[in-house]
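**Q** Chains G and B are the protein sequences, given in the same order.
Under the numbering used here, the letters of the first sequence match residues 1 to 115, in that order.
Under the numbering used here, the letters of the second sequence match residues 1 to 114, in that order.
Each residue gets a CB set at the ideal place from its N, CA and C atoms; glycine is no exception.
Note that the structure is predicted; figures quoted are calculated from it, not measured.
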Amino acid sequence: DAMVIQNPRYQVTQFGKPVTLSCSQTLNHNVMYWYQQKSSQAPKLLFHYYDKDFNNEADTPDNFQSRRPNTSFCFLDIRSPGLGDAAMYLCATSRDMGQRGETQYFGPGTRLLVL
Amino acid sequence: AQSVTQLGSHVSVSEGALVLLRCNYSSSVPPYLFWYVQYPNQGLQLLLKYTSAATLVKGINGFEAEFKKSETSFHLTKPSAHMSDAAEYFCAVSANTGGFKTIFGAGTRLFVKA
């Protein structure tokens, strides 16, 4: 089945220790998104890639970076995690940017714990 | 810019009762509207979406929603709740003015009592 895969499902890191979360897709979609979701809140868009074109949200901290080496994979790097970065990180894909009401397909998420 | 307001952060219904989750949107241009469901420790899954065709949209698991432009609403309903419907529900909007980015509401957690 075509899908969005996130690894690991749970990640524990130490305060200030860099961490990388990964996402892969078999849908061959052009757009990949990273969202941060804190408990009982809406997903907050951090950035997205349209193909290789990177688009950062204005309020995304510099501590968060992303890489998309090819169509299938996208990574979220947190350079120096703080306690406030503990959250669920959701990867999503869509065929296009939504001009025709594109559906986003979400992975199961990676729950990050910062000690 | 567009926005979404979900009325009620928590809704509790009995099994077999009507489910009604409220969503109001704001958009200066015709919007696309979505309902997503999120089960515990999982990602979001599309329930249904409005893309300017029929105003009454039917989705998966027996859910439907009606686009009412005059009321700027897109409420989600299901005639008879099942225990398996217990989850978090997010209303979302995208439109040309926002570069077609999807804006999510704060979510409504649905509890289903036996």
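At a cut of 8 Å, does the segment 52 to 60 of chain G reach the segment 3 to 18 of chain B through at least three beta carbon pairs?
**A** Judged by Cβ distances under 8 Å, the segment 52 to 60 of chain G makes no contact with the segment 3 to 18 of chain B, as fewer than three pairs qualify.
**Q** Give the list of continuous alpha helix (DSSP H) stretches no shorter than 4 residues that lie fully inside the segment 28 to 70 of chain G.
**A** Listed in chain order, there is nothing to give.
**Q** I think G101(G) touches K49(B), with their Cβ atoms under 8 Å apart; what is that distance to the nearest whole Å?
**A** That pair is a contact at about 6 Å.
**Q** Keeping to the same chain, check which residues put their C-beta closer than 7 Å to that of V19(B); ignore five residues upstream and five downstream.
**A** The answer, listed in chain order, is V13, T77, K78, A81, D85, L110.
**Q** Suppose you measure from the CA of C23(G) to the CA of V114(G); what does that come to, to the nearest Å?
**A** One C-alpha to the other measures close to 20 Å.
**Q** Pull out every residue of the segment 45 to 61 of chain B whose Cβ sits closer than 9 Å to any Cβ of chain G, in chain order.
**A** Within the segment 45 to 61 of chain B, the residues whose Cβ lies closer than 9 Å to some Cβ of chain G are Q45, L46, K49, Y50, T51, S52, listed in chain order.
**Q** Using the C-alpha atoms, what's the distance from S73(B) back to N61(B)?
**A** Between N61(B) and S73(B), the C-alpha separation is close to 21 Å.
**Q** With DSSP run on the structure shown, which of helix, strand or coil describes K83(G)?
**A** Strictly speaking, residue 83(G) in this sequence is Leu, with Lys absent from that position. DSSP places L83(G) in helix when its eight states are reduced to three.
**Q** With burial defined as no fewer than 16 other Cβ atoms inside 10 Å of the residue's Cβ, what is the status of Y89(B): buried or exposed?
**A** Under this definition Y89(B) is a buried residue.
**Q** Taking C-beta to C-beta, are S66(G) and F47(G) nearer than 7 Å?
**A** Taking 7 Å as the Cβ cut-off, S66(G) and F47(G) qualify as a contacting pair.
**Q** Using the beta-carbon of each residue, which ones in chain G are nearer than 8 Å to G107(B)?
**A** Result: S40, Q41, A42.
**Q** What is the rounded straight-line gap between the Cα of L44(B) and the Cα of F67(B)?
**A** If I take the Cα positions, the gap works out to 21 Å.
**Q** Looking at L93(G): is its Cβ nearer than 7 Å to the Cβ of M32(G)?
**A** Reading off the sequence, residue 93(G) comes out as Thr, not Leu. Yes, these two residues count as a Cβ contact at 7 Å.
**Q** Give the residues from the segment 90 to 114 of chain G that approach chain B closer than 9 Å (Cβ to any Cβ), ordered along the chain.
**A** Result list: L90, C91, A92, S94, D96, M97, G98, Q99, R100, G101, E102, T103, Q104, Y105, F106, G107, P108, G109, R111.
**Q** To the nearest whole angstrom, what separates the beta carbons of V11(B) and L21(B), a pair I think is in contact under 8 Å?
**A** Between L21(B) and V11(B) the Cβ distance is about 6 Å, and since that is below 8 Å, they are a contact.
**Q** When DSSP builds the beta bridges, which residues end up paired with H10(B)?
**A** Partner(s): R109(B).
**Q** At a CB-CB cut-off below 9 Å, which residues of chain B make contact with L45(G)?
**A** K101, T102, I103, F104, listed in chain order.
**Q** Indicate whether at least one CB of chain G lies closer than 7 Å to the CB of Y32(B).
**A** It does: the Cβ of Y32(B) has a partner Cβ on chain G nearer than 7 Å.
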